[in-house]
Amino acid sequence: MSDFDWKKFYDVGIHLKNFSNNEEYQRSAVGRFYYACFGLTKKYYENTHKIIIPSKDSHQFLINRLLNSIYEKENILGEYLQTLRKYRNFADYNDDFKLKNLNKTLKTSEDLINLIQNLKEIRKFLFFQNRYI
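Quick note on numbering: the sequence shown equals residues 1166 to 1298 in our numbering.
As structure tokens, this is what we get:
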């Protein structure tokens, strides 16, 4: 099994968003942004907390874990992921698609990806300071 780079789904989302203004591409971009962020967040959480997220209800399980974390930045990750999931569900299941939701999804995805990068840098710093959590 490969160590998939979940950020590539984000890149696919950008491609879909820019490739066509047709609604099916825009809706699909929302999904790619969400799954990129879910995969990155899941990988971060499993590596940081040394647990395996169960397959059953994994999306809600991860969101709940983050929202209930003692770490404020993980709470923010949970809020971002929960928001992205709502946008993805709306894009997948509602007849009325709003382009502004695509733009909000893109912005929230960028914020989440940047926060994960920031958390990784903090963990690395703490590790080298022998204060690894």
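Using N, Cα and C, we set each Cβ at its ideal position, and we do this for glycine too.
Values in this document were obtained by computation on a predicted structure and should not be read as measured data.
For residue i, collect the residues of the same chain with a Cβ closer than 7 Å to its Cβ; drop the 5 residues on either side in sequence, then sort them by chain order.
i, result
"residue 1171", "1201, 1204, 1205, 1208"
"residue 1176", "none"
Who are the near neighbours of residue i in its chain, counting only those whose CB is closer than 8 Å to its CB and skipping five residues on each side?
i, result
"residue 1169", "1204"
"residue 1184", "1190"
"residue 1160", "Only positions 1166 to 1298 of the chain appear in the structure, and residue 1160 is not among them; the question remains open."
"residue 1232", "1240, 1243, 1244, 1247"
When you compare each of the options to residue i by their alpha carbons, which one comes out closest?
i, options, result
"residue 1198", "1260, 1256, 1261", "1256"
"residue 1263", "1194, 1174, 1177", "1194"
"residue 1281", "1253, 1213, 1271", "1213"
"residue 1284", "1270, 1273, 1174, 1237", "1237"
"residue 1266", "1253, 1223, 1287", "1253"
"residue 1178", "1222, 1271, 1210", "1271"
Would you kindly report the start and end of the unbroken alpha helix (DSSP H) that includes residue i?
i, result
"residue 1203", "1188-1214"
"residue 1131", "Look at the range of the chain in this structure, 1166 to 1298, and you will see that residue 1131 is not part of it."
Legend entry - Sufficient close CB pairs (3 or more, under 8 Å) joining the segment 1232-1251 to the segment 1273-1280: yes
Inset, instruction - Can you check the segment 1237-1296 for any alpha helix (DSSP H) of at least 4 residues that lies completely inside it and give the ranges in chain order? - result: 1237-1258, 1264-1293
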